[in-house]
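> Pasting a structure here, questions to come.
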Amino acid sequence: MDERMLTFGLFIGFVLITLGITVRARADTKGADDFYAGGRMLSGPRNGIALAGDYMSAASFLGIAGIIALSGYDGLLYSIGFLVAWVVTLPLVELMRNTGRFTMGDVLSRGIRGQARVRTAAVVSTVTVSVFYLLAQMVGAGALVSLLLGIHEGRRFLGMSADTARTATIVAVGVLMICYVMFGGMKATTWVQIIKAVLLMAGGVVLTALVLARFGFDVGGLLGSAADASGKGADFLRPGQKYGQDVPGDTYRTMVNKLDFISLALALVLGTAGLPHIVNRFFTVPDARAARTSVSWAIGLVGGFYLMTLVLGFGAAALVGRRAIVEQDPSGNTAAPQLARAVGEHIGGRVGGEVLLAFIGAVAFATILAVVSGLVLASATSLAHDGFGQVLMLGRPRESQEVAVAKVASFLVGSVAIVLAVVAKNVNVAFLVALAFAMAASANLPAIVLSLFWRRFNAGGVVAGVYGGLAASLVLVLLSPVVSGKVDPVTGESQSLFPTGVDFHLFPLENPGLVSIPIGFLCAVVGTFATRRKADPAQYDDLAVRALTGAGSH
């Protein structure tokens, strides 16, 4: 049995099922409410499962397990950070749902004069953040298919070379996400995310149970074996292997490492509430109570999943080993699939290993498809509703016009993402995910929080905060070691986007959150006071009543 064909077959099966759902959803999608928000009829539990599916990306499933397998304790930052982020998101959920209709632009413009500028800024921010996140997922899909299907240089699959297969995967993922969004809108995207969430949780539970069973369900034994196999001993279970490292004799470098750790944590924790595709999902439920129920379900599923990533990460370290993980992928992204093969072979020999590997590979593909669909839908909704409907058509478009523009926007955004992802298919994309969170926290979160809680906040503040936060995060990353100047002290190879010898980095931190988030808030405050036209107190009072009670909300 060829595990590559089995993985490919399972993936094709998932695609056919989801395309069938898209065709069914198309028949039930009549107007803007259906296309943008699934008719606002999703129950709390159903939306919560979809929300978890929207949030748990391939980076979560593969990346976190890999980081834990290679860095031990420090890998927990991602598991904890992504989960704690919901503590920030929870208080804002009901307020955003009550004040918006379809998009973040609705929330920011409610009760503020100068809506055209505000909505334009919201469109720019939504599309920018979504595209960065989208690129990371699509380029990751290309790399993932090569690894899981065993396509390396000199080896072919279905007649394609490794480079061609990677490009074909990116294009295929892009075409599928365009189909999901253009033809099924939010209803199709929701069901894709629900199916993906169920598969992901099922895969996680099976792997977790099998790993724990290998150690007699003794977590201490698992951790001890992981530490022994890591080559680092007890230090593997202590902080400092990857983040916040102490550099003997170099106080500056030690301080920078500590600050970089804090910066990454801030971006992860504060970024979720500003991610456009997460914000949009709260408009799919009929009332604020269902929104709160959605978050409760999402927190339960996300929390359970990230607890399982701890077992998967340490299990990979113990059962696969650091050397085997790094040989397959230096960043550790294939630790979970390698673990699946190892535990599967222990139970059912080579066939068992191939079957479990194929299932986990198909789940990873499903994860990517679900997340990219949500991101494209968020961008298309903002372009059509905010840009076309509220700015160009002055808030008086026909529903059929808006939906038609949204479908065209889905095609355009998806096409641009495909082209950019193909061009950047060989680029290290880890920084794109962290940057998307940093941009969301720097540009969107300040504007959302201040529009909900500051009476004086006005259009000038929104525009300055959004553009200031976006610009700060982008510029700081361009000037950071992620882009140039970072060299492996052992091998001398470049760990930046640019090769060794190119160094123009001026900003020492790899994640801009620690600086760009305060800049976003500062720009919003300065922009507010620099604008002569003050906010309308009556409109703010209406906003406050709507946010707190849900009276008059859609």
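So the number in my numbering is just where the residue sits in the sequence shown, counting from 1, plus 2. Backbone N, C-alpha and C fix where the C-beta goes; we use that ideal spot for every residue, glycine too.
(1) Where does residue 45 sit, in a helix, a strand or coil, going by DSSP?
(2) Out of curiosity, what's the CA-to-CA distance linking residue 18 and residue 354?
(3) Tell me which residue opens and which closes the alpha helix (DSSP H) that residue 295 is part of.
(4) Report the residue from 496, 454, 452, 59 whose alpha carbon sits nearest the alpha carbon of residue 2.
(5) Shortest alpha-carbon distance to residue 183 belongs to which of 288, 284, 405?
(6) Within the same chain, show all residues whose beta-carbon is closer than 7 Å to that of residue 191, passing over the 5 residues directly before and after it, in chain order.
(7) Can you tell me where the alpha helix (DSSP H) with residue 253 in it begins and where it stops?
(8) Beta-carbon separation of residue 12 and residue 364 under 7 Å?
(9) By the 10 Å Cβ neighbour count, where 16 or more other Cβ atoms means buried, how is residue 250 classified, buried or exposed?
(10) Checking 7 Å against the spacing of the C-beta atoms, do residue 422 and residue 137 come in under that value?
(11) Residue 486 by DSSP, collapsed to three states: which one?
(12) At which residues does the alpha helix (DSSP H) containing residue 507 begin and terminate?
(13) Cβ atoms of residue 438 and residue 471: under 7 Å apart, would you say?
(14) For residue 505 and residue 489, what's the separation of their Cα atoms in angstroms?
(15) Tell me which residue opens and which closes the alpha helix (DSSP H) that residue 409 is part of.
(16) Check for me: the alpha helix (DSSP H) holding residue 348 runs from which residue to which?
(17) Quick one: grab the DSSP three-state call for residue 3.
(18) Here's the rule I'm using: 16 or more other beta-carbon atoms within 10 Å means buried, otherwise exposed. How should residue 454 be labelled?
(19) Considering just the uninterrupted stretch of the alpha helix (DSSP H) at residue 279, what are its terminal residues?
(20) According to DSSP, is residue 58 helix, strand or coil?
(21) Below 6 Å CB to CB, which residues in the same chain sit around residue 263 once its five sequence neighbours on both sides are set aside?
(22) Excluding five sequence neighbours on each side, which residues of the same chain lie with their C-beta closer than 7 Å to the C-beta of residue 47?
(23) With a floor of 4 residues, list each alpha helix (DSSP H) that falls wholly inside the segment 69-109, ordered by position along the chain.
(24) In whole angstroms, what separates the C-alpha of residue 76 from that of residue 88?
(25) So, for residue 259: in the same chain, excluding its five sequence neighbours on each side, which residues have a beta-carbon less than 6 Å away from its beta-carbon?
(26) First and last residue of the alpha helix (DSSP H) that includes residue 247?
(27) For residue 3 and residue 99, I'd like the C-alpha separation in whole angstroms.
(28) As a quick exercise: from 235, 385, 241, pick the residue whose alpha carbon is nearest that of residue 319.
(29) Assess, as a yes-or-no matter, whether the segment 306-320 is touched by the segment 118-138 under the definition of 3 or more beta carbon pairs within less than 8 Å.
(30) Just to check my reading of the structure: residue 233 and residue 324 have Cβ atoms closer than 8 Å, yes? What is that Cβ distance to the nearest angstrom?
(31) Would you grab the beta carbon distance between residue 122 and residue 106 for me? Rounded to a whole angstrom, and I think it's under 8 Å.
(32) Start and end of the alpha helix (DSSP H) containing residue 331?
(33) So if DSSP puts residue 496 in a beta bridge, which residue, or which two residues, is it bridged to?
(34) Could you tell me the alpha carbon to alpha carbon distance between residue 101 and residue 112, rounded to whole angstroms?
(35) Along the chain, where does the alpha helix (DSSP H) that runs through residue 531 open and close?
(36) Taking contact to mean at least 3 C-beta pairs separated by less than 8 Å, is the segment 497-504 in contact with the segment 467-487?
Let's see:
(1) For the purposes of this step, residue 45 is taken as the residue at position 43 of the sequence shown. Here residue 45 sits in coil by DSSP.
(2) Counting from one through the sequence shown, the residue named residue 18 turns up at place 16. Counting from one through the sequence shown, the residue named residue 354 turns up at place 352. Those two C-alpha atoms are separated by around 25 Å.
(3) The sequence position of residue 295 within the sequence shown is 293, counting from 1. Its alpha helix (DSSP H) spans residues 290-321.
(4) The question about residue 2 has no answer here: the residues shown for the chain are numbered 3 through 556.
(5) Position 181 of the sequence shown, counted from the start, is the residue given in the question as residue 183. Among 288, 284, 405, the Cα nearest to that of residue 183 belongs to 405.
(6) In the sequence shown, the residue the question calls residue 191 occupies position 189. Taken in chain order, the residues that qualify are 182, 183, 375, 376, 379.
(7) As a working mapping, residue 253 is identified with position 251 in the sequence shown. Segment 253-273, the alpha helix (DSSP H) holding residue 253.
(8) For the purposes of this step, residue 12 is taken as residue 10 along the sequence shown, with counting starting at 1. For the purposes of this step, residue 364 is taken as residue 362 along the sequence shown, with counting starting at 1. In contact: residue 12 and residue 364 (Cβ atoms closer than 7 Å).
(9) Here residue 250 refers to the residue found at position 248 of the sequence shown. Exposed is the call here.
(10) Working through the sequence shown from its first residue, we reach residue 422 at position 420. Working through the sequence shown from its first residue, we reach residue 137 at position 135. In this structure, residue 137 lies closer than 7 Å to residue 422 by Cβ.
(11) Walking along the sequence shown from the start, residue 486 turns up at place 484. Correct three-state label for residue 486: coil.
(12) For the purposes of this step, residue 507 is taken as residue 505 along the sequence shown, with counting starting at 1. From DSSP, residue 507 is part of no alpha helix (DSSP H); its letter is neither H nor E.
(13) Within the sequence shown, residue 471 is the residue found at index 469, counting from 1. Within the sequence shown, residue 438 is the residue found at index 436, counting from 1. Their beta carbons are not under 7 Å apart, which means residue 471 does not touch residue 438 by this criterion.
(14) Within the sequence shown, residue 505 is the residue found at index 503, counting from 1. Within the sequence shown, residue 489 is the residue found at index 487, counting from 1. Roughly 10 Å separates the two Cα atoms.
(15) As a first step, residue 409 must be located in the sequence shown, where it is residue number 407. Segment 401-425, the alpha helix (DSSP H) holding residue 409.
(16) Here residue 348 corresponds to residue number 346 of the sequence shown, with the count starting at 1. Note, residue 348: alpha helix (DSSP H), 337-383.
(17) Taking the sequence shown and counting its residues from 1, the one referred to as residue 3 is at position 1. Any reading at residue 3 must be qualified, since the residue scores a pLDDT of 45, below 50, and its modelled position is unreliable; no value is offered.
(18) Taking the first residue of the sequence shown as 1, we reach residue 454 at position 452. Result: buried.
(19) Locating residue 279 in the sequence shown gives position 277, counting from the first residue. Per DSSP, residue 279 belongs to the alpha helix (DSSP H) from 278-283.
(20) Here residue 58 corresponds to residue number 56 of the sequence shown, with the count starting at 1. Residue 58: coil per DSSP, three-state reduction.
(21) Walking along the sequence shown from the start, residue 263 turns up at place 261. Once the five neighbours on either side are set aside, the close Cβ partners of residue 263 are 245, 246.
(22) Residue numbering aside, residue 47 sits at position 45 when the sequence shown is read from its first letter. Cβ neighbours of residue 47 beyond the five flanking positions: 295, 299.
(23) You should have 78-101.
(24) For the purposes of this step, residue 76 is identified with residue 74 of the sequence shown, where counting begins at 1. For the purposes of this step, residue 88 is identified with residue 86 of the sequence shown, where counting begins at 1. Each residue's Cα considered, the two are about 20 Å apart.
(25) Indexing the sequence shown from 1 puts residue 259 at position 257. Excluding residues within five positions, the ones whose Cβ falls inside 6 Å are 246, 247.
(26) Here residue 247 refers to the residue found at position 245 of the sequence shown. Bounds of any alpha helix (DSSP H) do not take in residue 247, whose DSSP letter is neither H nor E.
(27) Residue 3 sits at position 1 when you count from the first residue of the sequence shown. Residue 99 sits at position 97 when you count from the first residue of the sequence shown. The predicted model places residue 3 with a pLDDT of 45, which falls under 50 and marks its position as unreliable, so this point remains unresolved.
(28) For the purposes of this step, residue 319 is taken as the residue at position 317 of the sequence shown. Looking at the Cα atoms, 235 is the closest of the given residues.
(29) Below 8 Å, too few C-beta pairs join the segment 118-138 and the segment 306-320 to call them touching: fewer than three.
(30) On the sequence shown, position 231 is the one that residue 233 refers to. On the sequence shown, position 322 is the one that residue 324 refers to. Right, the Cβ-Cβ distance comes to about 6 Å (below 8 Å), so this counts as a contact.
(31) The count along the sequence shown starts at 1 and reaches residue 122 at position 120. The count along the sequence shown starts at 1 and reaches residue 106 at position 104. With 8 Å as the limit, residue 122 and residue 106 do not qualify as a contact, their Cβ atoms being about 13 Å apart.
(32) Mapped onto the sequence shown, residue 331 falls at position 329. Careful: residue 331 lies outside any alpha helix (DSSP H) and carries neither H nor E.
(33) Residue 496 sits at position 494 when you count from the first residue of the sequence shown. Answer by DSSP bridge pairing, in chain order: 489.
(34) What you label residue 101 is simply residue 99 of the sequence shown in a count that begins at 1. What you label residue 112 is simply residue 110 of the sequence shown in a count that begins at 1. Each residue's alpha carbon lies about 7 Å from the other.
(35) Here the question's residue 531 lines up with position 529 in the sequence shown. Per DSSP, residue 531 belongs to the alpha helix (DSSP H) from 515-532.
(36) Below 8 Å, enough C-beta pairs join the segment 497-504 and the segment 467-487 to call them touching: three or more.
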